[in-house]
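If you want this note's numbering, it's the 1-based position in the sequence shown plus 835.
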Amino acid sequence: MFLGHHTTQLKNSNKLPLPAGWRTLISEGAYLTQGFDQNIMILTPNKFQEIYTCISALNLADPLVRLLSRTFCSTASYVEVTQDTDSISLPPHLMGYANLEDSVVVVGQGEYVEVWSPSQWQQQELEIQNAKANTERFSAFNITTS
């Protein structure tokens with residue numbers, strides 16, 4: 836699983852260093868696409884296919900479905916990952932969308948990774964750490980430990 840978050844510096848302005856433990860999780864390659872919160876999503880081929888399958892099963896006549904498909908597919912890029920790969924190239928269009936410069940925050944989301952600008956991640960951390968609001972927001976999700 837992709838867990839935790841790490842602040843790192845891009846190499847050569849667009850090369851994202853990968854935490855060692857995460858490299859093995861994307862050893863079959865990765866898809867990069869526009870995230871929903873002005874970030875970049877990095878997905879394994881299986882997860883990308885799973886999401887694409889869900890989207891393609893929706894009603895194509897619905898304009899929101901077409902917009903979701905465009906958002907997900909038209910911004911996607913595939914990157915090969917080899918044993919020697921210690922970083923992956925971020926496409927310029929995704930870097931611009933996510934406002935990425937030299938420093939970035941990579942965030943594990945279990946089955947995928949998000950890449951954030953530090954300032955936007957800082958805003959997310961404020962939301963994450965708001966215990967009172969989180970109790971109200973998440974109580975309807977019926978998450979239990981049993």
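Glycine included, every Cβ here is placed at the ideal spot set by N, Cα and C.
- Leaving aside the five residues that flank W956 on each side, the residues in its chain whose CB is nearer than 6 Å to its CB run, in chain order, V940.
- The beta-carbon distance between V914 and L867, rounded to whole angstroms, is 6 Å. This is short enough to meet the 8 Å contact definition.
- For E962, the enclosing alpha helix (DSSP H) starts and ends at 953-963.
- For I890, the enclosing alpha helix (DSSP H) covers residues 880-891.
- Of the residues H928, G943, C908, the one whose Cα lies closest to the Cα of E885 is C908.
- In the DSSP assignment, G931 falls within the alpha helix (DSSP H) that extends over 927-932.
- The alpha helix (DSSP H) runs of length 4 or more contained entirely in the segment 836-881 are, from start to end of the chain, 855-858.
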